[in-house]
Amino acid sequence: MTGVRILTAGDSALTVEFGNEISEEINRQISAYNRMLLEHPICGIVEAVPTFRSLTVYYDSQIISYQKLKKKLMRLTEQLQITAAAKRRIIEIPVCYEEAFAPDMSNVMNHTGLSKEEIVKRHSSKDYLIYMLGFLPGFAYLGGMDKELITPRLQSPRVKIEAGSVGIGGEQTGIYPLDSPGGWQLIGKTPVKPYDPEREKPILYEAGDYIRFRAIDGKTFYEIRELVQKGAYSCKIIEGGV
Amino acid sequence: MGVLVKQPGVLTTVQDKGRAGYQSSGFNVSGCMDQKAFRIANILVGNGEEEAVLEMTLMGPSLMILADAVIAVTGGDLQPKLNEKPLPMYRAVSVKRGDEITFGFAKDGSRAYMAVNGGFSVPGVMGSKSTNLKCKIGGFLGRKLQANDLIPFASPKTALPSMESRRLEGVTYKEKETVLRVILGPQEDYFTEEGIMTFLSGEYTVTGEFDRMGCRLEGKSISYKNGVDIISDAIALGSVQVPSHGKPIIMLADRQTTGGYAKIATVISVDIPKLVQRSIGDKIRFQKVNVKQAQKLIKQEEREFIKLKRKIGE
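Order-wise, the sequence lines are chains U and H. Residue 148 in the numbering used here sits at position 141 of the first sequence, and the numbers go up by one each step. Residue 346 in the numbering used here sits at position 273 of the second sequence, and the numbers go up by one each step.
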């Protein structure tokens, strides 16, 4: 793998940088690299954080030294080419786009000139790559939204947006994993909890996964929500090739 | 069975080593700001070094002890008192049911730690008892302590073997100027040579914008090449971010997991405790070291901890 740099982030972290742009290709390399680290753990690594263009590895220098880890990480980048063809994991998130859950649908309609049906169709017919998680626990930076849906953020952000709200902010789309202030245009809501600290896996997805939104009606929203509250609902996961 | 909060102080939270392992999902690490004082407090009361303690900030709480226990207070001097008499710091102290422990304003340092033998009985969330204020999880109900909160003890003992030897010399944070050693990077190439010189030679002042997330400094602006916005990447503990105004911000325990400003350097691990005990107006200078030196210092400090444990009979 060419162009990979290993940057020093203090005495307990190294950043493996794969590039300096936001691209699916770079992100796929990072996901594959992260998977390799998980499958072949290096003793002394505490955790690894994938981002848009790099993977930061936190480590315990009492177990593995800087020199040794740097060498191992570099060697791993050379092996990456062989295993890069990774499987795609798509997590299906049910979203209700009905009026009660979509306070800003009219803003998006006005801005894009599209009908509500067309917006829902376009928004729910794509698989969005999760580039990284950050900002809030479980907040996924998604790539690949239909350009026709681009709508600027609200001029005045809301003080509180409920967890599960689905919105558009500029070229980005995403789900609010917990109640939080925010300025995105809200076009729907999911009854599932992307983040639940009580769940064995508190976050539903990870960087490198894809999210697919499935449009549901209000009745289904409440049915799923009831199941979620009982801990009896799991999102559909589709595994496939690249 | 535990400790009753009569006055909460400015910011008193339950903290431990921190919640590692979930940064890739967006959870900041949190944990004690001064990991050194935290570990010593636990060692003094015979706990595992990573047991949860109370972290108190600037103006401490007033507490009532509801069960006999052994406690130790370390870190900054928030003028602790036991039943209105000075409570010695850096030492295991037996306390009785009904005793009152009160803290005042920080006289030296900024953050104090109180450990109790056996620890506090709060549920672990994702492997840690640390309070994550942003996500409202961990610690006591995921929040800072309030009046009338009752934090239960897990399994307190009324006395420990060799109580007399469980004492260490106090620590002072009073110094004219603190030197923080840094390792350049990960984005030092975003800055001009002159900017790096400014950073390494200038004197910086701790501002009021100093909380568990980070410490903003005032001083000479650090010049950069074409801008300091980067495509977001991970933020390590001690990262020195430089936004476009050119003034450094050092990222601490509650820092967000990722961010979009270039990081000129990272403060080395053993110097973080010195930094978090600073207060407004304190002067700071940066000194460049390499990774090898920094890791040697960590090793040295670990050896000091072993000696310290031997000394107090652990």
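Idealized CB from N, CA, C, for every residue including glycine.
Relative to A326(H), the option among G333(H), K384(H), I345(H) whose CA is nearest is I345(H). Among the residues facing chain U, E173(H) is not included, as its CB has no counterpart in that chain under 8 Å away. Among the residues of the region 186–208 of chain H, those with a Cβ less than 9 Å away from any Cβ of chain U are V198, M199, N205, K207, C208, in the order of the chain.
Taking 8 Å as the CB threshold, Q179(U) stays off the interface with chain H. Closer than 9 Å at the C-beta level to chain H, one finds these residues of the region 13–25 of chain U: L14, T15, A16, G17, D18, S19, A20, L21, T22, E24.
At a cut-off of 8 Å between beta carbons, G141(U) contacts chain H. Residue environment for S38(U): buried (at least 16 other C-beta atoms within 10 angstroms of its C-beta).
Any Cβ of chain H closer than 8 Å to the Cβ of P198(U) would place that residue at the interface, and such an atom is absent. D67(U) is bridged by DSSP to nothing; it lacks a bridge partner. Under the DSSP assignment, L290(H) falls in the beta strand (DSSP E) whose first and last residues are 287–291. For a cut-off of 8 Å, the C-beta gap from A125(H) to V198(H) is around 11 Å, too long to register as a contact. For the region 300–332 of chain H, the set of residues with a beta-carbon nearer than 9 Å to any beta-carbon of chain U comprises I303, I304, S305, D306, A307, I308, A309, L310, G311, S312, Q329, T330, T331, G332, in chain order. Scanning the region 152–186 of chain U for uninterrupted beta strand (DSSP E) segments of 3 residues or longer gives 165–168, 172–176, 179–182, listed from N- to C-terminal end. As the crow flies, the alpha-carbon of G292(H) is around 8 Å from that of P321(H).
Rounded to the nearest whole angstrom, the C-alpha separation of F59(U) and L80(U) is 18 Å.
Apart from the 5 residues on each side of it in sequence, V235(U) sits with its Cβ closer than 8 Å to the Cβ of P198, V199, K200 in its chain, given in chain order. The Cβ of V349(H) sits no closer than 8 Å to any Cβ of chain U. For P161(H), there is no enclosing beta strand (DSSP E), as DSSP marks it with neither H nor E.
The beta carbons of D111(U) and Q192(U) sit about 4 Å from each other, so the pair counts as a contact at 8 Å. Neighbours of N27(U) in chain H, taken as residues whose beta carbon is under 7 Å from its own, are I304 in chain order.
Collapsing the DSSP output to three states places I210(H) in a strand. Under the 8 Å criterion on CB atoms, T158(U) is classed as non-interfacial with respect to chain H.
Considering only beta carbons, the part of the region 33–57 of chain U lying closer than 7 Å to chain H consists of V53, E54, A55, V56, P57, in chain order.
For a Cβ distance threshold of 9 Å, residue set D18, S19, S68, Q69, S72, Y73 of chain U lies close to Q368(H), ordered along the chain. Our two residues, D67(U) and E28(U), have alpha carbons roughly 29 Å apart in a direct line. Within the region 88–108 of chain H, contact with chain U at the beta-carbon level (separation under 7 Å) is assigned to A93, G94, Q96, S97, S98, G99, F100. In the DSSP assignment, Y217(U) forms a beta bridge with I97(U), L136(U). Look at Y334(H) here: in three-state DSSP terms it is strand.
Taking one beta carbon from each stretch, the region 208–222 of chain U and the region 126–144 of chain U have 3 or more pairs nearer than 8 Å; the two touch.
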